[in-house]
Amino acid sequence: MARPGRVLLVDNSRAFSMVIAAALTDRLKIAVTIADSLAAASQILDSGTNCDEIILVISGLVLPDAEENRIVGFFTERGLPLVVLTGSFDVASRARILSRPVIDYVLKDNPSSIDYVVWLVRRIWRNRDMTALVVEDSASDRAMLVGLLRLYGFAVLEASDGLQGLAVAEAAPRLDLVVTDYEMPGLDGIQLVRRLRVRHPRDRLAIIGLSASLGAISAQFIKNGANDYLNKAFQPEELFCRIAQNVENIENIASLHALATTDPLTGLRNRRSFFELAQSRFNSLTRAGRRVAVAMIDVDHFKRINDGWGHDCGDRVLIELARVLAETTRDGDVVGRLGGEEFCLIAADLDETDDFFETLRGRVAALSPRFGDDTVLITISIGVCVRPGDGRADSLRALLTAADRALYNAKRLGRNRVEYA
């Protein structure tokens, strides 16, 4: 949720608006602008102040100066995503509301309505950082799906058949969701799913299959890798729920993966994750005959920092060091926190003539962060072992051991220095 976001909340009940606004601000840290009439909302939008930040309008259907049709039309004609608030619900009301280009409706008298509004705003906000692909050979159906996905906040790519869809997917820098028809020329939807799954696993890309056919198509879609399936007679409300559910499943898996692989203090890879990736990177560099540098990095006098300023200061030092490591490393380098004040870095195509590690040491020494009234001096010692790309059979473990010995020498020779094995 890095991008700015703002919700325009329009309702004739000031008390209800304040409750919703407080929930959104407290739970999502999102800005909320409140209006109690259509005229007030119009004035806010016409002023242009922060209007480019508005990601969603939440509006009641009863306002002192406008009736339902005018309210809905006012916002949708401006291209603003709209969620409506209603105090009553029946089948006819639902059909009438959802016949318009609105995202969803919320019952004001439902005890869970506030939680649902918060979830809805969070979902639309997160969708703004996601890309969806619609693969559909029917131009009218494709336009309908593209319009709905854009309404839900996605950046949308489109393709008119399976082969084009595959090409668009492979060229996209980011892809989070694919919605694909089944019956298409050249490459049908099930074949497309099968091809996409070669490079995009279920836990990284949500795929929803569509078909007008009845029968076993749904099972075939899912058996071949789709996350979900919808018959083309779906209601937009159902499409939104299915998309949200599948995208959130992938987000939850990503969150669990991050918890399992990331050091919670520094944001770098934790010990287990580091060694898994480091071994893979080492193997690929070895096969390619490229030079490999392994560096062991340790904060000098870290116990003295903890004893003198406390563990909060020690944590701050580790966070600052991790930031410099993340900023200094290059694409393909692997860096992680092994534990305590010890870090490790695997880098390609470096040797003793490069100033990479000396630059890293100097950047850390220049930090000098403030902690309370004091300036904390941070230095690191680095031990490096370089394996030339000459086909030698040294293992990663052997390089780590040699780098650790070099680190010991750096400490023995006075700290705040780089030593090579």
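This note's numbering runs 19 ahead of the 1-based position in the sequence shown. C-beta: ideal position from N, C-alpha, C; glycine also. The structure displayed is predicted, hence computed values, not measured ones.
- In the assembly as shown, GLY244 is a buried residue. Its beta-carbon has 16 or more other beta-carbons within 10 Å.
- In this structure, SER32 is the residue among VAL121, ASN289 and SER32 with its C-alpha nearest to the C-alpha of LYS127.
- The shortest CA-to-CA distance from THR199 to any of ILE262, THR348, VAL81 and VAL38 is the one to ILE262.
- Taking a cut-off of 8 Å on C-beta distances, the region 153 to 170 does not touch the region 132 to 139, as fewer than three cross pairs fall below it.
- Sequence-distant partners of ARG221 (beyond 5 residues in either direction) whose C-beta falls short of 8 Å from its own C-beta, in its chain, are GLY244 and ASN246.
- Spatial neighbours of ARG356 in its own chain (CB-CB distance under 6 Å, excluding positions within 5 residues in sequence) are listed in chain order as ASP282, THR285, LEU287 and PHE362.
- ALA384 has its alpha-carbon roughly 43 Å from the corresponding atom of ALA174.
- Check the Cα spacing between ASP413 and each of ASN302, GLN62 and ALA42: the tightest is with ASN302.
- Residue burial annotation: GLU346 is exposed, with fewer than 16 other C-beta atoms found within 10 angstroms of its C-beta.
- Taken atom to atom, the span from the alpha-carbon of SER131 to that of ILE39 is near 12 Å.
- Here the C-alpha atom of ILE401 lies approximately 6 Å from the C-alpha atom of GLU438.
- Each residue's CA atom was taken as its position, placing ASP195 and SER66 some 35 Å apart.
- Around ALA85, the same chain offers LEU57 as residues with beta carbons nearer than 6 Å, after the five sequence neighbours per side are excluded.
- Taking 8 Å as the cut-off, the beta carbon of ALA312 is found closer than this to the beta carbon of VAL403.
- Counting along the chain, no beta strand (DSSP E) covers GLU360, and no H or E run does either.
- Shown here, ALA41 sits in a helix according to DSSP, grouped into three states.
- The beta-carbon separation of LEU152 and ALA188, rounded to 6 Å, stays under the 8 Å limit for a contact.
- About 13 Å separates the CB atoms of ARG97 and LEU75; that is not less than 8 Å, and the two are not in contact.
- Just so you know, the alpha carbons of LEU168 and GLU256 end up roughly 12 Å apart.
- LEU364 places its beta carbon 8 Å or farther from that of ARG310.
- Burial is judged here by how many other beta carbons sit within 10 angstroms of a residue's own beta carbon; THR52 has at least 16 and is buried.
- Looking at the backbone, the Cα of GLY172 and that of ARG145 are separated by about 8 Å.
- In the three-state scheme derived from DSSP, where H, G and I count as helix and E and B as strand, SER179 is classed as coil.
- Within the same chain, VAL26, LEU43, LEU47, ILE49 and LEU75 come within 7 Å of VAL140 by CB-CB distance, once the 5 residues on both sides are set aside.
- Following the DSSP letters along the chain, one finds MET315 inside the beta strand (DSSP E) bounded by residues 311 to 318.
- Take PHE108, set aside five residues on each side of it, and the residues of its chain with a beta-carbon closer than 6 Å to its own are LEU126, in chain order.
- Annotation note: the region 245 to 314 contains the following uninterrupted alpha helix (DSSP H) runs of length 4 or greater, listed N- to C-terminal: 255 to 280 and 290 to 306.
- Nearest Cα to LEU215 within the set VAL353, GLY184 and GLY92: GLY184.
- The beta carbon of THR280 lies closer than 7 Å to those of ARG288, ASN289 and SER292 in the same chain, with the five residues before and after it left out.
- Comparing C-alpha distances from ARG142 to each of ILE269, ILE90 and GLN239 shows the shortest one belongs to ILE269.
- Shown here for VAL353: same chain residues with a beta carbon closer than 6 Å to its own, the five before and five after excluded, namely LEU296, ALA297, ARG300 and ILE365 in chain order.
- In terms of Cβ geometry, ARG424 and ASP319 do not form a close pair [threshold 8 Å].
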